[in-house]
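Trainee:
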Amino acid sequence: MLLNSILLIGASITFVHGRVIQRDVPCSPENMPVNVGLTTCTKKFPLDSAGHCISAIPSLAIDPSACTGYCEQKLTLNYGQEVPFANSHCSGVGNGAGNTTCTLQQSQSVTVTNTVGISAGGTIGGSIDDLEAAFNLGATWSWSKAVGYETTASQAASISSGMCGYWTFIPYLMVSCGTLTNIPAQSLGKGTYLCDTKSVTSLKNTINWCNTTPQKDANGHAGGKVVFVFTDCKTNNLLPMAVQDPAYAFPGVSTGQLAQVDNPDTKQSGP
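The following block contains the structure:
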């Protein structure tokens, strides 16, 4: 049976980004459950007893809206939409009874683009730059518009005759939610403002302020999983999710019918 003829080389064809992984860190993506909000991650800044994020607000700022702090309260790992590797299609058509080894070479790269910007600050408002700066200071993972990934080693999968597929990258998306606090600013002149942390009666809070960003490691590379996706050689449609990597079955990962994948077997003319 076709679906039972899948053979994977090695322990798995699912690969983390190929760099040193801190597996002892509970809130690193490799150790987190998917689509489960964790409130136990180490927090950079704590809320005060009244639920305000005063501890993350700087003493001085260059504009009034920069007197803003973010305290992360919940972190969730999701999988983002796949980014296929160029020219990675592999076909087992016409291979008789043997298998075809589909290899993804070292130094193949993709770019993960964040289609969602920094959320507005609710009742706080403020410039996007100031909100992004506050988020980056208080969140476990800083916000990124685009981040690249490059394979650091070749990877292989074995497919049977009559099977096709391609290599793709599934990025880690980190959803950070918490409290955003803004306090009054006093002008000191020359474009400098004092953030008045004692004026708690005038502060503004936005609770459950959430932002989504691709995870980026300490070297500036995207975190995620490299997987081989199995497709029908004639139609280029996906084979059932039962034969795909579990991460590929996560909602929103698959791009559906893979017309954008360069499959020469679907370009043949005639019946």
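Heads up: the sequence shown runs through residues -18 to -1, 1 to 253, numbered per mature numbering (1 follows the signal peptide of the UniProt record, and there is no 0).
Don't be surprised by glycine CBs; every beta carbon is placed ideally from N, CA and C.
Note that the coordinates shown come from a computational prediction; the quantities given were computed from them, not determined experimentally.
1. May I ask you to verify whether the segment 147 to 161 touches the segment 42 to 56, counting CB pairs closer than 8 angstroms and requiring at least 3?
2. What is the DSSP secondary structure of Ala115, counted as helix, strand or coil?
3. Give me the Cβ distance between Val65 and Phe151, rounded to the nearest whole Å; I'm assuming they're in contact under 8 angstroms.
4. First and last residue of the beta strand (DSSP E) that includes Asp214?
5. Going by the beta-carbon positions, is the gap between Gln63 and Gly234 smaller than 7 angstroms?
6. Count the C-beta pairs between the segment 22 to 36 and the segment 107 to 115 that are closer than 8 angstroms, then say yes if the count reaches three, no if not.
7. Alpha carbon to alpha carbon, what distance is there between Ser184 and Leu86?
8. Under 7 angstroms Cβ to Cβ from Gln4, same chain only, skipping five residues before and after it: list those, please.
9. Mind checking residue 257: buried by the 16 CB within 10 Å criterion, or exposed?
10. Three-state secondary structure (DSSP) at Gly108?
11. Spatial neighbours of Cys84 within its chain, please: CB distance less than 7 angstroms, with the 5 preceding and 5 following residues excluded, ordered by chain position.
12. Roughly how many whole angstroms lie between the Cα atoms of Asn193 and Ser143?
13. Jot down the residue ranges of each uninterrupted beta strand (DSSP E) in the segment 128 to 159, minimum 3 residues, whole runs only, in chain order.
14. Does the beta-carbon of Gly120 have 16 or more other beta-carbons within 10 angstroms, so that it is buried, or is it exposed?
15. Quick check on Leu201: does DSSP put it in helix, strand or coil?
16. Tell me the DSSP secondary structure of Asn60 in three-state form.
17. Would you kindly check if the distance between the Cβ of Leu221 and the Cβ of Phe232 is under 7 angstroms?
18. Buried or exposed, going by whether 16 or more other CB atoms sit within 10 Å of the CB of Ile106?
19. For Asn218, count neighbouring Cβ atoms within 10 angstroms of its own Cβ and tell me buried if that reaches 16, exposed if not.
20. For Thr133 and Lys172, I'd like the C-alpha separation in whole angstroms.
21. Could you spell out where the beta strand (DSSP E) holding Gly171 opens and where it closes?
22. Please return the same chain residues whose Cβ sits closer than 6 angstroms to the Cβ of Gly104, not counting the five positions on each side in sequence.
23. If you check the beta carbons only, do Cys177 and Ala43 fall under 7 angstroms apart?
24. When the Cα atoms are used, what is the spatial distance from Phe117 to Ala167?
25. Can you tell me which residues form a DSSP beta bridge with Tyr175?
26. What would DSSP say about Asn13, mapped onto helix, strand or coil?
Mentor: Well, looking at it:
1. yes
2. As a position in the sequence shown, residue 115 is number 133, starting the count at 1. It is helical.
3. By one-based count along the sequence shown, residue 65 stands at place 83. By one-based count along the sequence shown, residue 151 stands at place 169. Sure, about 5 angstroms apart at Cβ, within 8 angstroms.
4. Mapped onto the sequence shown, residue 214 falls at position 232. First-last of the beta strand (DSSP E) with Asp214: Gly206 to Asp214.
5. To locate residue 63, count along the sequence shown from 1; it is residue 81. To locate residue 234, count along the sequence shown from 1; it is residue 252. In this structure, Gly234 lies closer than 7 angstroms to Gln63 by Cβ.
6. no
7. In the sequence shown, the residue the question calls residue 86 occupies position 104. In the sequence shown, the residue the question calls residue 184 occupies position 202. Between Leu86 and Ser184, the C-alpha separation is close to 57 angstroms.
8. On the sequence shown, position 22 is the one that residue 4 refers to. The pLDDT assigned to Gln4 is 42, lower than 50, so where the model puts this residue is not dependable, and the model offers no usable value.
9. As shown, the chain starts at -18 and ends at 253. That puts residue 257 outside it, with no answer to give.
10. In the sequence shown, counting from the first residue as 1, residue 108 sits at position 126. If DSSP states are grouped into helix, strand and coil, Gly108 belongs with coil.
11. Here residue 84 refers to the residue found at position 102 of the sequence shown. For Cys84, where only same-chain residues beyond five positions count, the Cβ hits under 7 angstroms are Cys72, Ala138, Ala139, Ile141, Gly147 and Phe210.
12. Mapped onto the sequence shown, residue 193 falls at position 211. Mapped onto the sequence shown, residue 143 falls at position 161. Between Asn193 and Ser143, the C-alpha separation is close to 45 angstroms.
13. 128 to 132 and 137 to 142
14. Within the sequence shown, numbered from 1, the residue matching residue 120 stands at position 138. Buried: at least 16 other Cβ atoms inside 10 Å.
15. Residue mapping note: residue 201 aligns to position 219 of the sequence shown, counting from 1. First, the amino acid is wrong: residue 201 is Asn here, not Leu. Correct three-state label for Asn201: coil.
16. Stepping through the sequence shown from its first residue, residue 60 is reached at position 78. Three-state DSSP puts Asn60 in a strand.
17. Here residue 232 corresponds to residue number 250 of the sequence shown, with the count starting at 1. Here residue 221 corresponds to residue number 239 of the sequence shown, with the count starting at 1. Going by C-beta atoms, Phe232 is not nearer than 7 angstroms to Leu221.
18. If you number the sequence shown from 1, residue 106 lands on position 124. It counts as buried.
19. Position 236 of the sequence shown, counted from the first residue, corresponds to residue 218. The residue is buried, with at least 16 neighbouring Cβ atoms inside 10 Å.
20. Residue 133 sits at position 151 when you count from the first residue of the sequence shown. Residue 172 sits at position 190 when you count from the first residue of the sequence shown. If I take the Cα positions, the gap works out to 48 angstroms.
21. As a working note, residue 171 is residue 189 in the sequence shown. Ala167 to Gly171 is the span of the beta strand (DSSP E), which, as asked, contains Gly171.
22. Against the sequence shown, residue 104 aligns to sequence position 122. Thr188, listed in sequence order.
23. Position 195 of the sequence shown, counting from 1, holds the residue named residue 177. Position 61 of the sequence shown, counting from 1, holds the residue named residue 43. Yes, Cβ-Cβ distance for Cys177 and Ala43 is below 7 angstroms.
24. Residue 117 sits at position 135 when you count from the first residue of the sequence shown. Residue 167 sits at position 185 when you count from the first residue of the sequence shown. Rounded to the nearest angstrom, the two C-alpha atoms are 19 angstroms apart.
25. Locating residue 175 in the sequence shown gives position 193, counting from the first residue. In the DSSP output, where bridge partners are listed per residue, Tyr175 has Ala43 and Ser169.
26. Within the sequence shown, numbered from 1, the residue matching residue 13 stands at position 31. Note: Asn13 maps to helix in three-state DSSP.
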